[in-house]
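Have a look at the structure below, then the notes.
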Amino acid sequence: MNGLKLLTLVLALLGSPLFIVIAGVALLSFSSVDIDISVVIIEMSRLADTPLLLALPLFIFAGTILSESGTPKRLLRLSHLLLGWLPGGLAVVSLLVCAVFTAFTGASGVTIFALGGLLFPALIRDRYSEKFSLGLITSSGSLGLLFPPSLPLILYGVIAETRIDHLFLAGIVPGIFMLTLLVAYSMYKNPRKREQQKRITGLAILAGLKEAAWELPLPVIVLGGIYGGFLVAGEAAAITALYVLVVEVFLYRDIDLQQLPRLMVKSMMLFGGILVILAASMAATNFLVDQEVPMRLFELIRQYISSKYTFLLLLNIFLLVVGSMLDIFSALVLVVPLIVPIARGYDVDLIHLGIIFLTNLQIGYCTPPVGLNLFLASYRFERPVIQLYSATMPFLALLMLTLVIITYFPLLSLFLVRLLG
Amino acid sequence: MSHRQVARQILTFEKRLIDGLLCLLLVAMIVLACLQIGLRTFFSSGLLWADPLLRYLVLWCGMLGAVVATREKKHIAIDVVGYLAPEQVKPWIGLVIDLFSSLVAAVLTWAAVIFVRNEVLFGSYPLLTVPSWIWNLIFPTAFGLITIHFLLAIAADIRLLASQSSRGNEAGSGP
Amino acid sequence: RTKYLFKVATIAPEGSIWTKRFHDFAAEVEEKSNGEVGFKVYPGGIMGDDRAMYRKMRIGQLHGGGFTMTGIGTVVPDFRVMGIPFLFRSYEEVDHVMEGLWPFFSKAFAAKGLELIAMTEVGFVYSMSISPVSTLSELKKSKIWAPEGDPVSIAYLETLGITPLPLGIPDVLTSLQTGMVETVFNSLYGAIVLQWFTKTKYISDIPFAYAYGCLLLDRKRFARLPESYRSMIKETARKHFSLLITDTRKSNSDSRQVLQDNGISMVLPDPGDVEDLRNMREETVQRVQGTAFSPQIYKTTMKLLDDYRNQAYKRK
Ligand code: NA
Ligand code: NA
């Protein structure tokens, strides 16, 4: 039996679909203790009892529409008009736009492909060094995961059974803090010799605002709906999906009706890929629960680690490794169910834990050797991965600094929750 | 018509059916969720069955989406070794992976059949007078289709390997 | 070593009176059987809700469960009969009817392969709201929760002209917090244990209905035990679970003070409305009888209740 499980692990490393690997392990495990394998499907069927899940497909759909429309361009143009005059203006614009865009579309590589393609030449034109520009775009590809309505944040809420509106609140201050550090660094790296900027008139700003007029209310709908108490996350997602659909297809006409079915199928394919991993991992987790593994694991860890802070330190190291190996959804689905009971034992607030998870996994996107953003950027900008390793280093250092602060100052995450929740 | 043509037509039909169904389900999800908000906000009422139905729609969308992900080979995977492997070995790795995946998917299908059979025998909780086993039919259906797509991938792998080795032979026998 | 292991799950949280008494019961059974009979407990819904628990019992992953009436009522519909709104006026009435119905319930569960070990109690439930609700028309304006899979209370609310939002118990707290529901039903202790009281600042001071559950074991597995163990388990259960009922009632009455200390107001309903609410019961029964539960079990229940009330009247 263990031999078979080992073989499964090898097959996983060779590139088998992760849901197949996890389901395979679950099936093997249950049959090894003589429990009918249909328990795997019983666990999967519990997904139909999870009202929170509705938010995922609908936000994925809205995100897919947004990334295939003219939104990135309009958003960029407007922020450039508003912030371009700042020292390091373009870099600041890049960071902000990437963060907002990633929050809405998830870090699925869309940010690097859609926005990066526009930003990179512009940064070079503005005489930023190639190294800085590449590093900025690569690390911005997953920036904004802490801001609502980030999909990984929702998924964490689904798995850890914590309040999604609280997670959304908790992510805001750490997210802004992280952004501020990166913005400050970008301002410092502002190229000395710069072409004289064209003066930006109020009229141009007005035109930019008018152009993006239909997209600007989106954050208000999501945040206002949820915090105004009108909508739960799933409903906010439904309204967002409907709104985005109407705006991009009928008002901006960026996407014509014939294209729509393809985008719908594509977004449901993305959702399906996540859902089957979630389903399989529910089954695998149930085996662990059945065998009382989380409890024993906690007792074992408890013997060696008594302090909450040591636990958090080791957790961070563990998550950084996991984050650099796995994509964010699989990492969440596999690790959260194991860590949550242990973290509870150490009295870690589950909302704070969520922010720690997300920050780690976000960093994991840019961590050598296998961070996804590095490969995406290498592919998109046709640069060797090694060059991206070094380009991302300063940004990575800043992100690590934020991680430490987020981890050891829980109030940074919990402050808004306590104030408004 | 040859077997191959018939098979291709069936596959095209399956693709259209699944894609069409996905669009329909997604639109239904958006409409139903928004309708429910509207009813609640303006008439302080709602449809008793809307929320449970929405949850099944989510499940159906996800499972059918997974069928599409299998068809398009877009499943999430860790492919560190696969990425680093030498070019000639890659088709073999692909074959092994697809063999393994079809096996697991077939067992999942079987488990889903047992599950649905149990629901027929002991299930309850009808929704809109439709018994629970029908709502759960998505599990054997989706896993069944996923198995078929993995099997088709095996066939494609074998064809690729065969063409490679014949090309290799030609190259070897050439002057 | 444990020769006969029972894996038992429940949605009741660890540390609540229900799991505490269960642990006492399990410990005594283990001791009396010299460790031959053992229990593994999965509390707090980690094995899923009642439906998932029942599914897992069918395939043998679990061998028992502490079920709620709404959850197991879909398997044995007659078990729902005591949950009819405004049926009981006191716990004495409940006890009398429960004793009389036990053989019927036991038989109905046995037919589904389940052994009824003990009845458990949540207690009388009250309607609890985010805003003060003292009249029927105010109640109708509020977004009201109903337990998922409980056709009796859903039909009752529909008779009142209300479309409730059915949700599983684990989802209620979040829905209260996000404002998706505004009025819920629970016992006073239940509202504290499940943290619902953090949102429901107003409680209508009239017991709406009686809520309860039961401990079931897999009948086949139970039958494999030697006869002496079977009767020992039932006897031990009788002892500990009647203590649990006492605990529950005490916790519920203590909770009234706790809730008031936490700034929760007990709102007295309008007497005319109370009469209307009571009168809706008959109409509801007519609507759901035959689908939600059988007419026979309803007749039996009403007979037991009338007998008790007549005797109580004579005693006075
Ligand atoms: Na659940
Ligand atoms: Na990803």
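Protein chains in written order, with our numbering: chain A, 1 to 421; chain B, 1001 to 1175; chain C, 2001 to 2316. Ideal Cβ placement from N, Cα and C applies to all residues, glycine included.
Chain B places no beta carbon closer than 8 Å to that of LEU90 (chain A), leaving this residue out of the contacts. Judged by DSSP in its simplified three-state form, GLY84 (chain A) adopts coil rather than helix or strand. In the DSSP annotation of this structure, the continuous segment of the alpha helix (DSSP H) that includes THR407 (chain A) starts and ends at 385 to 408. Sequence-distant partners of LYS131 (chain A) (beyond 5 residues in either direction) whose C-beta falls short of 6 Å from its own C-beta, in its chain, are ALA391. Scanning its chain for C-beta atoms nearer than 8 Å, with the 5 sequence neighbours on each side dropped, one finds around GLY2263 (chain C) the residues LYS2201, in chain order.
At a cut-off of 8 Å between beta carbons, ARG2055 (chain C) contacts chain A. Interface flag for ARG1117 (chain B) against chain C is unset, since no Cβ pair is found closer than 8 Å.
Residue state for MET2047 (chain C) is assigned as coil, using DSSP reduced to three classes. Put simply, the CB of ILE2169 (chain C) is far from chain B, with every gap to its CB atoms at 8 Å or more. Rounded to whole angstroms, PRO217 (chain A) and VAL247 (chain A) show a C-alpha spacing of 11 Å. For LEU2116 (chain C), the enclosing beta strand (DSSP E) starts and ends at 2114 to 2129. In the three-state reduction of the DSSP assignment, PRO2295 (chain C) falls in the helix class, which pools H, G and I.
At a cut-off of 4 residues, the continuous stretches assigned as alpha helix (DSSP H) that sit fully inside the stretch 2181 to 2221 of chain C are 2188 to 2193. In the DSSP assignment, TYR2004 (chain C) is bridged to C:VAL2037. For the pair ALA2108 (chain C) and LEU416 (chain A), the Cα-to-Cα distance works out to about 52 Å. Across the stretch 2239 to 2270 of chain C, no CB contact with chain A closer than 9 Å is found for any residue.
Contact between the stretch 42 to 57 of chain A and the stretch 291 to 305 of chain A is absent: fewer than 3 CB-CB pairs across the two stretches fall below 8 Å. Under the 8 Å criterion on CB atoms, PHE1143 (chain B) is classed as non-interfacial with respect to chain C. Nearest CB-CB separation between PRO2166 (chain C) and chain B: below the 8 Å threshold. DSSP, reduced to helix, strand and coil, places THR2163 (chain C) outside both helices and strands of the structure shown, so it counts as coil. By the criterion of at least three beta-carbon pairs nearer than 8 Å, the stretch 8 to 17 of chain A is in contact with the stretch 1085 to 1101 of chain B. Membership of GLY157 (chain A) in any beta strand (DSSP E) is not indicated; the residue belongs instead to the alpha helix (DSSP H) covering 151 to 160. Contact between ALA1066 (chain B) and GLY273 (chain A) is confirmed by a C-beta separation of about 7 Å, below the 8 Å threshold.
In this structure, DSSP gives ILE137 (chain A) a helical state, which the three-state scheme calls helix. Residue pairing by DSSP places LEU1127 (chain B) opposite B:VAL1130 in a beta bridge.
With respect to the 8 Å criterion, PHE2104 (chain C) and THR2300 (chain C) are classified as neighbours on the basis of their beta carbons. Taking a C-beta distance under 8 Å as the contact criterion, LEU56 (chain A) and ILE1030 (chain B) do not qualify as a contact pair.
Closer than 8 Å to the CB of LEU1103 (chain B) there is not a single CB belonging to chain C. For PHE329 (chain A), the residues of chain B that pass the 7 Å Cβ criterion are ILE1076, in the order they occur in the chain. DSSP places TRP2145 (chain C) outside any alpha helix (DSSP H); the residue lies instead in the beta strand (DSSP E), whose first and last residues are 2145 to 2147.
Distance from THR111 (chain A) to CYS366 (chain A) at the Cβ level is roughly 12 Å; contact not present, criterion being Cβ atoms closer than 8 Å. In this structure, the beta-carbon distance from ALA160 (chain A) to LEU350 (chain A) falls below 8 Å. Minimum Cα-Cα distance from GLN2195 (chain C) among the listed residues C:LEU2268, C:VAL2288 and C:MET2128 corresponds to C:MET2128. DSSP, read as helix, strand or coil, puts GLN2177 (chain C) in helix. LEU1054 (chain B) has its alpha-carbon roughly 19 Å from the corresponding atom of ILE42 (chain A). In the three-state reduction of the DSSP assignment, TYR2313 (chain C) falls in the helix class.
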